[in-house]
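Visitor: Quick note on our numbering: the sequence shown kicks off at 769 and runs consecutively.
Each residue gets a CB set at the ideal place from its N, CA and C atoms; glycine is no exception.
Handing you this structure, nothing more for now.
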Amino acid sequence: MKFIERYQVWLHIIGWAVFIGLPFLTLPDFVWNRQDLISIGMAQLLTSAFIITFFYINLRTLTPRLLRDQDTKPFLVVLMGMLLTVVLVKLACYYLFPPSFVTKDPNAEVRAHGPKTPWPFMLSTSISFSFAILVSSLMAVFRYHAKAREEQQQTVLEKVSAELAMLKLQVSPHFLFNTLNNIRWLARQKSDQTEVAVVALAQLLRYMIYQARQDRVPLRQEVQHLQHYIDLQKMRLTDNHSVTFNCEGNVDAYSIEPLLFIPFVENAFKHGFHGQKAGYIQIDLRVTGNKLIFCTENPADASTAAVEPLTQPGEDSGIGIVNIKQRLALHYPGHHTLQLTHEQNVFRVVLTLDLHHEKVALHRY
769 MKFIERYQVW LHIIGWAVFI GLPFLTLPDF VWNRQDLISI GMAQLLTSAF IITFFYINLR
829 TLTPRLLRDQ DTKPFLVVLM GMLLTVVLVK LACYYLFPPS FVTKDPNAEV RAHGPKTPWP
889 FMLSTSISFS FAILVSSLMA VFRYHAKARE EQQQTVLEKV SAELAMLKLQ VSPHFLFNTL
949 NNIRWLARQK SDQTEVAVVA LAQLLRYMIY QARQDRVPLR QEVQHLQHYI DLQKMRLTDN
1009 HSVTFNCEGN VDAYSIEPLL FIPFVENAFK HGFHGQKAGY IQIDLRVTGN KLIFCTENPA
1069 DASTAAVEPL TQPGEDSGIG IVNIKQRLAL HYPGHHTLQL THEQNVFRVV LTLDLHHEKV
1129 ALHRY
């Protein structure tokens, strides 16, 4: 398909050269003389000029209008007018440039070869015209349906892009709401870390405003953003709480959809710690080959509603991860897996992304 689009001008030129020249290659021996070659050549060039003109008129105007308006009467009337024009041109050439086997003198010797009337020539011209119009109509139909598919795909892409943009906008206020709650807690404790937390929040917001609005961000930047968020959350934790973040693999080689991991980490901080009770959060991000595996693990009692916000939106923290599920479905269809398990009072999230698919998507953009 790309080859045809790239060389379509040359393909048209070659096609018309064959269309015009092929009749000369099939001429019988008795017409290889100056008079017959001039007669046949002039007729072929003039009629071909009209056929080529009508070919492109039909390709660009008549058949597209027929497909759009579904009105066959004007289409057939114009085609009949074109056919009549081509036949009359052929007829005029027959009498203006008569071949040697046609004689006007009844007393002259009549040649044994060649038709004595113009009707065979007019019939062959009609067949050539019909073939050209058929080819142009098929090309127009193909272009029409290809354009319709392209417009349909563009509509779907615009719809998906709009949905993704809306989902990203939902992440920002939800994330900001949780972070401001942490800073408020530090301020109430009159902690010296309050100013540091505000600076950290400024860094996070800068990333969200200037980077996360893009379709894709370098994986390295997403990891750094995640680390800043974890550092900010750790400011309000006690010695009974531990947070571990491990990052392995080549995170510099890939780009991903931004803000995919934050909701899972938010959920871990929300449900992993309960007051002064000891707790932990384990966060792992590993790139192996073309696969990215992101895991979070935190304790969750049987009575804890850690799973519910992941499966249905609530009035507070459920929005974030339900949002991510929708974004994964839109942006990584068939190229991701998301496992949520709650066993033995431990809640785990395992997200696997096909980064090779992401490279292909990035190339398309």
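For the candidate residues Asn1091, Gly1047, Phe1041, Leu1028, whose alpha-carbon lies nearest to that of cysteine 1063?
Guide: For the purposes of this step, residue 1063 is taken as residue 295 along the sequence shown, with counting starting at 1. The residue with the shortest Cα to Cα distance from cysteine 1063 is Leu1028.
Visitor: Assuming asparagine 1008 and glutamine 1044 make a contact with CB atoms under 8 Å, what is their CB distance in whole Å?
Guide: Within the sequence shown, numbered from 1, the residue matching residue 1008 stands at position 240. Within the sequence shown, numbered from 1, the residue matching residue 1044 stands at position 276. That pair is a contact at about 6 Å.
Visitor: Kindly indicate the opening and closing residues of the alpha helix (DSSP H) around histidine 993.
Guide: In the sequence shown, residue 993 corresponds to position 225, counting from 1. From DSSP, the alpha helix (DSSP H) with histidine 993 extends over 987–1002.
Visitor: Evaluate serine 904 with the Cβ neighbour count: other Cβ atoms within 10 Å of its Cβ, from every protein chain shown; 16 or more gives buried, anything less gives exposed.
Guide: If you number the sequence shown from 1, residue 904 lands on position 136. Buried, by the Cβ-count rule.
Visitor: As an exercise, report each continuous alpha helix (DSSP H) stretch of at least 4 residues that is fully enclosed by the region 828–854, in chain order.
Guide: Qualifying alpha helix (DSSP H) stretches, in chain order: 831–837.
Visitor: Note down the Cα distance separating isoleucine 788 from proline 832, rounded to an integer number of angstroms.
Guide: Mapped onto the sequence shown, residue 788 falls at position 20. Mapped onto the sequence shown, residue 832 falls at position 64. For isoleucine 788 and proline 832, the distance between alpha carbons rounds to 26 Å.
Visitor: According to DSSP, is proline 867 helix, strand or coil?
Guide: Residue 867 sits at position 99 when you count from the first residue of the sequence shown. Correct three-state label for proline 867: coil.
Visitor: Can you name the start and end residues of the alpha helix (DSSP H) that leucine 973 belongs to?
Guide: Locating residue 973 in the sequence shown gives position 205, where the first residue counts as 1. Counting along the chain, the alpha helix (DSSP H) containing leucine 973 begins and ends at 961–978.
Visitor: At which residues does the alpha helix (DSSP H) containing proline 1031 begin and terminate?
Guide: By 1-based counting over the sequence shown, the position of residue 1031 is 263. Its alpha helix (DSSP H) spans residues 1030–1040.
Visitor: Evaluate arginine 1095 with the Cβ neighbour count: other Cβ atoms within 10 Å of its Cβ, from every protein chain shown; 16 or more gives buried, anything less gives exposed.
Guide: Taking the sequence shown and counting its residues from 1, the one referred to as residue 1095 is at position 327. So arginine 1095 counts as buried.
Visitor: Considering only the beta carbon of each residue, do phenylalanine 865 and isoleucine 820 sit closer than 8 Å?
Guide: As a position in the sequence shown, residue 865 is number 97, starting the count at 1. As a position in the sequence shown, residue 820 is number 52, starting the count at 1. The answer is no: Cβ separation not under 8 Å.
Visitor: Are the region 1050–1064 and the region 1015–1029 in contact at 8 Å, needing three or more beta carbon pairs?
Guide: Contact between the region 1050–1064 and the region 1015–1029 is present, because at least three Cβ pairs lie under 8 Å.
Visitor: Would you kindly work out how many angstroms separate the C-alpha atoms of asparagine 1091 and tyrosine 997, rounded to a whole number?
Guide: Translated into positions along the sequence shown, residue 1091 becomes position 323. Translated into positions along the sequence shown, residue 997 becomes position 229. About 19 Å.
Visitor: Looking only at C-alpha atoms, which of Phe1041, Met810, Phe843 sits nearest to tyrosine 863?
Guide: The residue given as residue 863 occupies position 95 in the sequence shown. Nearest C-alpha to tyrosine 863: Met810.
Visitor: Can you give me the C-alpha to C-alpha distance between glutamine 1080 and proline 1026, rounded to a whole angstrom?
Guide: Against the sequence shown, residue 1080 aligns to sequence position 312. Against the sequence shown, residue 1026 aligns to sequence position 258. Confidence at glutamine 1080 is low in this model, with a pLDDT of 40, below 50, so the placement of that residue should be treated as unreliable; the coordinate-derived value is given next. Rounded to the nearest angstrom, the two C-alpha atoms are 22 Å apart.
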